[in-house]
Amino acid sequence: EDDQEILIVTLVNAAVDNFSARIAGFLQDMGLLPGVGYRVRTLHGLAHDIVRERPDLLMLSEDFNIIDDRTSQGIIEEVTGAWLRAHPDVIEEFLSPDLTETKRREILRRYWPALMVKIVTAVIRQAKDLQMTPEDLHRRLESLLFPLPLLEMAGAVYADYQRSLVARHAVDFDDLIRMALLALQADPVFLERLRYRW
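Next up, the structure:
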């Protein structure tokens, strides 16, 4: 059986080192061994530990990767761009018919793709915070009495983004928190073992 230890969870990486150093100092002042009997982790680090320990509960391969925010953003930009190229007419309902052709081209080139990436990123993050899969979001959108074209576009790109992660055997930071919770909910014995450990 695993040894018991105190678990300290923080939100930022810098605080991990700060907490660890302060606790080690307190323990040394008390004549105890520093670094024994406690563990300091970020929330994402703890989620990573939980998911890494039992990826089978989440149907993840043992060798899954965690992509950083920069890589995640690159994938979102890539799949959003592909969706916009496949649906070039979507912008028409958002543009004034009085625009000159020059202004219209400038909007299409400079502003529209960046705005769509911002919208898609916000929708994906919010959906993951709410533990909504692309399928959940799609069902919600279908149940509405009126269409929300930008949200529908973001939902479609979210599905493409998740497929891209699966193809890479990867999860993003937002997935980690959600998946750790799902793992704990899926196996009560695993949950009890972690409760005993921490």
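Numbering of the sequence shown is given in our numbering, commencing with residue 1139 and proceeding in unit increments.
All C-beta atoms in this analysis are idealised placements derived from N, C-alpha and C, irrespective of residue type, glycine included.
From a predicted model like this one, the values you see are computed outputs, not experimental measurements.
DSSP places T1240 in the uninterrupted alpha helix (DSSP H) bounded by E1239 to E1244. Listed in chain order, the alpha helix (DSSP H) elements of length 4 or more contained wholly in the stretch 1231 to 1282 are 1239 to 1244, 1250 to 1267 and 1272 to 1280. Taking 9 Å as the cut-off, the Cβ atoms of V1258 and A1292 count as close. A Cβ-Cβ separation of about 5 Å places V1295 in contact with V1217 under the 8 Å criterion. If only complete runs of 3 or more residues are kept, the stretch 1172 to 1243 shows the beta strand (DSSP E) at 1176 to 1180, in order along the chain.
Per DSSP, the unbroken alpha helix (DSSP H) holding V1154 starts and ends at N1151 to D1167. Looking only at I1144, D1141 and R1190, the smallest Cα-Cα distance to I1315 is reached by R1190.
The C-beta distance from L1196 to M1317 rounds to 5 Å, short enough to fall under 8 Å. Here the alpha carbons of T1240 and R1223 stand approximately 19 Å from one another.
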